[in-house]
Every structure is written in structure tokens, then in C-alpha cells.
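Please read the structure below before turning to the comments.
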Amino acid sequence: MIVPSHGTILPRMDKMTLSEAEWRDRLSPEQYHVLREAGTERAFTGKYNGNKADGVYYCAGCGAELFDADEKYDSGSGWPSFTAPVDIDAVEEIRDSSHGMIRTEVRCAKCEGHLGHVFPDGPGVNGLRYCMNSASLDFKPRDETA
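Counting in the UniProt record's numbering, the sequence shown runs from 1 upward without gaps.
So, in C-alpha cells, the structure goes:
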């Protein structure tokens, strides 16, 4: 359990750990590259970039609920973009200084799979753009999530 300064007790997300062989068996080669090797799919190639259906996006690695379609928007970047995760505890944000730039990597809090990056140029009230890889996500229409 996590007890923040305001005293409310929050449940801690149980971690999911698998061997590299188990991850390779569970994921497609593209999913493995993105989720386990912090890869990036090419812009405008992901199956969810243009998805406008109502529903929920889950981690393709472990099935954790990550983003709601209500928070998805067309950023023009070529990747599915969201203004916020379903719960701030659903993701972990980590400083990423790879490729000669400073960014904030976004990982699934449950399986630590790489999802994408978050940038401070979004339209929502928090001004963030969660720029995710389609290969790291699974989508379920809202009528299938109940």
C-alpha cells in the first residue's frame, strides 16, 4: 500500500514479471521490440493512430487498463495520442536521455513495458500529450469492456 502525504491509502499495482523467453512467446516480434526493447513503430503505421472508436486501450503486454478513448485526440504526430492515462498510477514516467535528447518515457506500471513518451504540448487541462505506440496497446470497444 502507498500512503501519500494527504493520508489516503492507495493500492499498489502488482508487478508482472516474466522471463525474456516468456515475453517472446507472449508477444509478436513488433510488440516485443516496442514493449521490451523500448522500440518505436514508424509514424502513421500503427493500427490505432486513426482509431476513433469509443472504448478502452489496454497494455498489449499484460492487459492493464491504460487509456480511455475519451482522452484520445489527433495530434498529427503519427502515433495515438492521449491527454491523460485512465489513472496516473497506471503508468510510470522515466527520464529518457537516449537519442541525444531529454524526454519522458512512459511505461506500463504493471509490466514495465515501454509504451511511448509524454510531451508538454497537449491540449488537455494538464497540457500533456501521451504519444503511444500502437504495438504496445490493445483496444476494446466500450460495449466489450463491461
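Backbone N, C-alpha and C fix where the C-beta goes; we use that ideal spot for every residue, glycine too.
Put simply, the region 121 to 129 does not touch the region 28 to 46. Fewer than three CB pairs are less than 8 Å apart. Here I94 carries a strand assignment [DSSP, helix/strand/coil]. The bridge partners DSSP lists for F67 are Y57. With 16 or more other Cβ atoms from the protein chains shown falling within 10 Å of its own Cβ, T83 counts as buried.
Excluding five sequence positions before and after R26, the CB atoms of its chain that fall closer than 8 Å to its own CB belong to L18 and G61, given in chain order. M132 has G116 as its beta-bridge partners, per DSSP. Closest by C-alpha distance to D89, out of A64, Y73, H99 and S81, is A64.
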